[in-house]
Structure formats: structure tokens, C-alpha cells
Amino acid sequence: MIHYKVVLLGSTHAGKTSIIQRFVNNSFTVNTLASVQSAFFEKNLKIGQTNIVLDIWDTAGQERFHSLTPMYYRDANASIIVFDVTDANSFSKAKQWVSELRNAQGDKTIIMIVGNKNDLKSIRVVRTEEAQKYANSVNVTYMESSAKTGFQIEEIFSHIGHQIYEAKVSSTADGIDVDTNGTDKKNNCC
Numbered sequence: 001m002i003h004y005k006v007v008l009l010g011s012t013h014a015g016k017t018s019i020i021q022r023f024v025n026n027s028f029t030v031n032t033l034a035s036v037q038s039a040f041f042e043k044n045l046k047i048g049q050t051n052i053v054l055d056i057w058d059t060a061g062q063e064r065f066h067s068l069t070p071m072y073y074r075d076a077n078a079s080i081i082v083f084d085v086t087d088a089n090s091f092s093k094a095k096q097w098v099s100e101l102r103n104a105q106g107d108k109t110i111i112m113i114v115g116n117k118n119d120l121k122s123i124r125v126v127r128t129e130e131a132q133k134y135a136n137s138v139n140v141t142y143m144e145s146s147a148k149t150g151f152q153i154e155e156i157f158s159h160i161g162h163q164i165y166e167a168k169v170s171s172t173a174d175g176i177d178v179d180t181n182g183t184d185k186k187n188n189c190c
């Protein structure tokens with residue numbers, strides 16, 4: 001099977017780890033500790049008749065680890081930037097992540113912005129319309145989720161998987177296979 005790298009980026013306490021745990025293990029822990037190192041997960045995904053594997057990287061959100069994140073997103077097929085809809089500062093940080101990714105990667109990496117914790121409607125501060133308007137302005141997909149309830153978790157990763165797969169099919173159909181990031185692990189020696 002072909003493996004594709006997806007990295008989750010965002011502020012601390014935005015819910016990156018919880019989103020991954022909900023997707024990979026269908027579980028949610030109320031008081032998840034902030035990640036202080038990266039973690040790696042695999043999940044099989046079926047795109048049409050094709051099986052792919054998403055290699056999902058969870059990164060630490062604290063500012064002191066920011067300088068380490070380029071080594072995780074450098075060869076990623078897609079980046080999911082997560083922010084907390086109850087925290088305006090995390091939305092500002094998400095915008096900074098988009099800018100950093102575009103400066104470092106150009107358009108070679110698929111970017112999605114995810115507003116997490118949409119179950120907390122009574123304390124929400126970032127409106128859906130505001131986040132969607134920003135995503136449209138930078139030409140990226142915007143989705144909302146709740147790792148707690150499971151709302152749209154599967155859809156987020158399915159959408160990313162489809163985008164990666166379609167980009168590969170499109171580049172191959174043009175006679176140029178620019179998919180240098182997807183790897184078929186059974187053909188690699190190491």
C-alpha cells in the first residue's frame with residue numbers, strides 16, 4: 001500500500017491529539033495532556049477502489065517546540081492546521097501556520113484548516129463565517145470538528161485522503177508523476 005504523510009499543526013490545547021485519537025482509535029480523553037514531543041499514527045483509508053495508508057504526525061503545539069516542526073511538515077503530502085473555536089489567539093496562530101507553510105512549501109502541500117471544539121457553542125468566539133472567509137482567501141479547505149463528539153472527524157481525513165489521491169492521479173495523468181512524498185513501503189529497503 002502507498003503511504004502518505006499528514007501532519008497536524010496548531011496551538012497547544014487546540015485538540016490535535018484528540019482529533020487523531022478519535023480518528024485512529026475512536027476514543028476521546030477529557031483531560032489530554034499537552035504533547036511535548038511528536039507522535040506517529042497509521043490509519044488505512046479506502047479511496048474509491050484504492051487502499052492508502054495515512055501516516056499521521058501529531059506535533060507539539062507549545063511555542064518552545066515551534067522550531068522543530070519544519071522537519072515534520074517538510075515532506076508532508078498534507079497539513080491539517082487545527083485551532084480551537086473558543087480561542088481567538090489559536091485562530092491567529094492558525095493563520096501564521098498557513099503563512100509559514102506557504103512560504104516554506106509553496107503549493108506543493110495540501111493544507112486544510114480545522115476549527116475544533118464546535119460542540120462548545122456557548123463559549124465560541126471564532127465564527128464559522130469568519131474562518132471560512134479566511135480559508136477561501138488563502139485557497140484552502142475549511143472544516144469544523146468536535147473530537148469530543150466525533151463530529152466530522154472521519155470526513156476530515158477522508159477529504160484529505162481524497163485530495164492527496166486526486167493530486168497524484170492528476171499529476172500521473174499529465175504524464176508527470178510529481179508525487180515524491182508518497183511511498184510504497186514494501187519496495188523500500190529501510
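For the record, in the sequence shown the residue sitting at position 110 is 110 according to the UniProt record's numbering, with numbers rising by one throughout. All residues carry an ideal CB built from backbone N, CA and C; glycine is no exception.
- In this structure, Phe157 is the residue among Phe157, Glu166, Ser171, Ala167 with its C-alpha nearest to the C-alpha of Asp55.
- Judged by pairs of C-beta atoms under 8 Å, the stretch 123-139 does not touch the stretch 164-172, as fewer than three such pairs exist.
- The C-beta distance from Val82 to Asn116 rounds to 5 Å, short enough to fall under 8 Å.
- If you draw a 10 Å sphere on the C-beta of Asn103, you find fewer than 16 other C-beta atoms in it, and that means exposed.
- With a 10 Å radius around the Cβ and a threshold of 16 neighbouring Cβ atoms, Ser90 comes out buried.
- Ile110 is the residue among Ile110, Ser145, Ser11 whose C-alpha sits nearest the C-alpha of His162.
- Rounded to the nearest whole angstrom, the C-alpha separation of Val6 and Ser146 is 19 Å.
- If you draw a straight line from the Cα of Gly10 to the Cα of Met143, it comes to about 15 Å.
- When secondary structure is reduced to three states using DSSP, Lys46 falls in the strand class.
- Around the CB of Val98, 16 or more other CB atoms lie within 10 Å, so the residue is classed as buried.
- Ranking Ile123, Asp75, Thr29, Ile80 by CA distance to the CA of Ala88 puts Ile123 first.
- Thr17 and Val24 have their C-alpha atoms roughly 10 Å apart.
- By the 16-neighbour rule on beta-carbons within 10 angstroms, Asn77 is buried.
- Within the stretch 94-169, the complete beta strand (DSSP E) runs of at least 3 residues fall at 110-116, 141-144.
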